[in-house]
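Enquirer: The listed protein sequences correspond, in order, to chains B and Y. Counted the way the working numbering counts, the first sequence spans residues 6 to 69. Counted the way the working numbering counts, the second sequence spans residues 6 to 69. By construction, the Cβ of each residue, glycine as well, lies at the ideal position given by its N, Cα and C atoms. Here the structure is a predicted model, which is why all the values come from computation and not from measurement.
Number of protein chains: 2
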Amino acid sequence: MDSGTTYSALLTPAEVARLFRVDPKTVTRWAMSGKLSPLRTLGGHRRYRREEVERLLAESSEQH
Amino acid sequence: MDSGTTYSALLTPAEVARLFRVDPKTVTRWAMSGKLSPLRTLGGHRRYRREEVERLLAESSEQH
DNA sequence: TGATACTAGGGTAATTCGGGTA
DNA sequence: AGTGTCCGAATTACCCTAGTAT
Chain B
6 MDSGTTYSAL LTPAEVARLF RVDPKTVTRW AMSGKLSPLR TLGGHRRYRR
56 EEVERLLAES SEQH
Chain Y
6 MDSGTTYSAL LTPAEVARLF RVDPKTVTRW AMSGKLSPLR TLGGHRRYRR
56 EEVERLLAES SEQH
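1. Per the contact definition of three or more C-beta pairs closer than 8 Å, is the stretch 24-35 of chain Y in contact with the stretch 44-60 of chain B?
2. Run the CB neighbour count on residue 62 of chain B, radius 10 Å, all protein chains shown included, and call it buried at 16 or more, exposed below.
3. Which whole-angstrom value is the C-beta distance of residue 57 of chain B and residue 42 of chain B, which I expect to be below 8 Å?
4. Can you round the beta-carbon distance between residue 52 of chain Y and residue 15 of chain Y to whole angstroms, since I take them to be within the 8 Å contact cut?
5. Can you tell me the Cα-Cα spacing of residue 36 of chain Y and residue 66 of chain B, whole angstroms?
6. Looking at the C-beta of residue 55 of chain B, does it have a partner C-beta in chain Y at a distance below 7 Å?
7. How many Å lie between residue 54 of chain B and residue 21 of chain B at the Cα?
8. Using the beta-carbon of each residue, which ones in chain Y are nearer than 8 Å to residue 47 of chain B?
9. Go ahead and pull the three-state DSSP assignment for residue 41 of chain Y.
10. When you compare the CB of residue 51 of chain B with every CB in chain Y, is at least one pair closer than 7 Å?
11. Do residue 38 of chain B and residue 26 of chain Y have their C-beta atoms within less than 7 Å of each other?
12. With DSSP as the reference, label residue 55 of chain B as helix, strand or coil.
In structure tokens form, the structure reads like this:
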């Protein structure tokens, strides 16, 4: 029942940027350097996996 | 729409949109530009082949 | 037959892309 | 080395009303 009308496993560049408090362009650079492995819309825009982003967030708070 | 429990070889615009984290209208644009080849219901609504959509999803996460 | 959710279509904002720069 | 910003072009998101799907 309603298996995800509001939830998505993918995040937009702006959403990732808000989580890290950086500019979306910086998120793009992380992707280009291989630190993130996003998929692409058919128009070429990046979509990031929530699971991957949250894992990196957790790791970054461990080592502080 | 019961998209979580019932399997179908055809996907609605909303289902495709959720997979790519885009607006359903964007999926329509992909169809109009030839990036997707949907069927049409007798009333004119588009239905997308799951096989085609999943193939494009897989390709989008490859590195190139 | 009615009720509700979704889609088509068109228009107009808002994001994102890529490159270059500070 | 890592970010933030400016730019133009391209892509995507949100607004509406009428018609379709279930």
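Expert: Considering the structure as presented:
1. yes
2. exposed
3. 7 Å
4. 4 Å
5. 43 Å
6. no
7. 10 Å
8. 25, 35, 40, 41, 61, 65
9. coil
10. no
11. no
12. helix
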